[in-house]
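Protein chains: 2
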Amino acid sequence: MRALPHPATEDIELTEVLRALADPVRLAVVARLAAEGELTCGGLSGQVGVHKSTASHHLRTLREAGVVMTRQEGRQKFMSLRRDDLDARFPGLLDSVLTAAAVHV
Amino acid sequence: MRALPHPATEDIELTEVLRALADPVRLAVVARLAAEGELTCGGLSGQVGVHKSTASHHLRTLREAGVVMTRQEGRQKFMSLRRDDLDARFPGLLDSVLTAAAVHV
DNA sequence: CCCACTGTTTGACAACCATCCAACTATCCG
DNA sequence: CGGATAGTTGGATGGTTGTCAAACAGTGGG
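Chains as they are written, first to last, in UniProt numbering: chain A, 1 to 105; chain B, 1 to 105.
Here it is as structure tokens:
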């Protein structure tokens, strides 16, 4: 397996993060990750109701923006939020988005 | 003059706000509004360095997302942030974005 | 009333994006 | 090895977006 590219913490761009979060599907993904810790691509595809390739595309967007990280285990890839990295770089941002998403979705 | 459409506070959508902020030009506009209080369309066009019609388009996007409000005075239109409305609906969101934008731009 | 000024609207254009399907890669299990 | 499972990639498509330029519309001053 080749390593998937994750941006370093100091390379996470604010506009990229905002753009990654500014999509209903991806916002739902992030909210679910915040609630459940880790999820696989296939799990998301089923829960969110999109084709698996679409789910893969969204996860790629989130990963390249620095919002999630990927851990491979066998043939599954577990996604999780980069909470500490995001908090370190943009304090309070993820929390306020998650709070807003929890209330208003 | 006809009134420009502003969404009610309770109609402001999270994804719309995030999408409005997920553009470098609009993020710069919001940061400048936070620093200077009020600005006109023409003022922004000059400061941000885009055509006036482009500035008008971005301000429209921000207005329709509920991020800014417009006050007409003579032939000028003064834009300002809807801080209270945004804080009421999405607590902490605007502040964290502004802090992040101030540090990382 | 005409002109200068401030924004908006429209058209055009290139770039991007979300989505699906199909084919492919990679991994695990008999 | 062969079959099943998990994701990725490429193509196709329809829709959205950011930008400029040019034309339009509303407002105030002489």
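We put the CB at the ideal spot given by N, CA and C, even for glycine.
By the criterion of Cβ-Cβ separation under 7 Å, what are the contact partners of residue i in chain A?
{"i": "Val97 (chain B)", "result": "Leu93"}
Exposed or buried, which one is residue i when buried takes at least 16 other CB atoms within 10 Å?
{"i": "Val103 (chain B)", "result": "exposed"}
{"i": "Arg75 (chain B)", "result": "exposed"}
{"i": "Gly46 (chain B)", "result": "exposed"}
{"i": "Val68 (chain B)", "result": "buried"}
{"i": "Gly66 (chain B)", "result": "buried"}
{"i": "Arg63 (chain A)", "result": "buried"}
{"i": "Val85 (chain B)", "result": "Per the sequence presented here, residue 85 (chain B) reads as Asp, with Val not at that position. Buried, by the Cβ-count rule."}
{"i": "Val30 (chain A)", "result": "buried"}
{"i": "Ala55 (chain B)", "result": "buried"}
{"i": "Arg26 (chain B)", "result": "buried"}
{"i": "Arg82 (chain B)", "result": "buried"}
{"i": "Glu73 (chain B)", "result": "exposed"}
{"i": "Arg58 (chain B)", "result": "One point to set straight first is that residue 58 (chain B) is His, not Arg, in the sequence displayed. The residue in question, His58 (chain B), is buried, as its Cβ has 16 or more Cβ neighbours within 10 Å."}
Run through chain A and tell me which residues come within less than 8 Å of residue i, C-beta to C-beta.
{"i": "Leu14 (chain B)", "result": "Leu27, Val97, Ala100, Ala101, His104 and Val105"}
In chain A, which residues lie with their C-beta within 9 Å of the C-beta of residue i?
{"i": "residue 110 (chain B)", "result": "The structure shown does not extend to residue 110 (chain B), since chain B is modelled only from 1 through 105, so no value can be given for it."}
Can you pull the chain B residues whose beta carbon is under 7 Å from the beta carbon of residue i, in chain order?
{"i": "Leu21 (chain A)", "result": "Leu18"}
Which residues of chain B have a Cβ atom closer than 9 Å to the Cβ of residue i, listed in chain order?
{"i": "Phe78 (chain A)", "result": "Near Phe78 (chain A) there are no residues of chain B at all, since even the closest Cβ is about 25 Å away, more than 9 Å."}
Practice item. Run through the UniProt domain "HTH arsR-type" (6–105) of chain A for me and flag every whole alpha helix (DSSP H) of 4 or more residues, listed as ranges in chain order. Key: 14–21, 24–36, 41–44, 52–65, 83–89 and 93–103
Check your understanding: Counting Cβ pairs closer than 8 Å, one from the stretch 8–28 of chain A and one from the stretch 11–18 of chain B, do we hit at least three?
Key -> yes
Check your understanding: Three or more C-beta pairs closer than 8 Å, one from the stretch 86–104 of chain A and one from the stretch 84–97 of chain B: is that the case here?
Key -> yes
Review point. Any chance the stretch 1–11 of chain B sits against the stretch 38–55 of chain B, with 3 or more Cβ pairs inside 8 Å?
Key: The stretch 1–11 of chain B, when compared against the stretch 38–55 of chain B, does not touch it at the 8 Å Cβ threshold.
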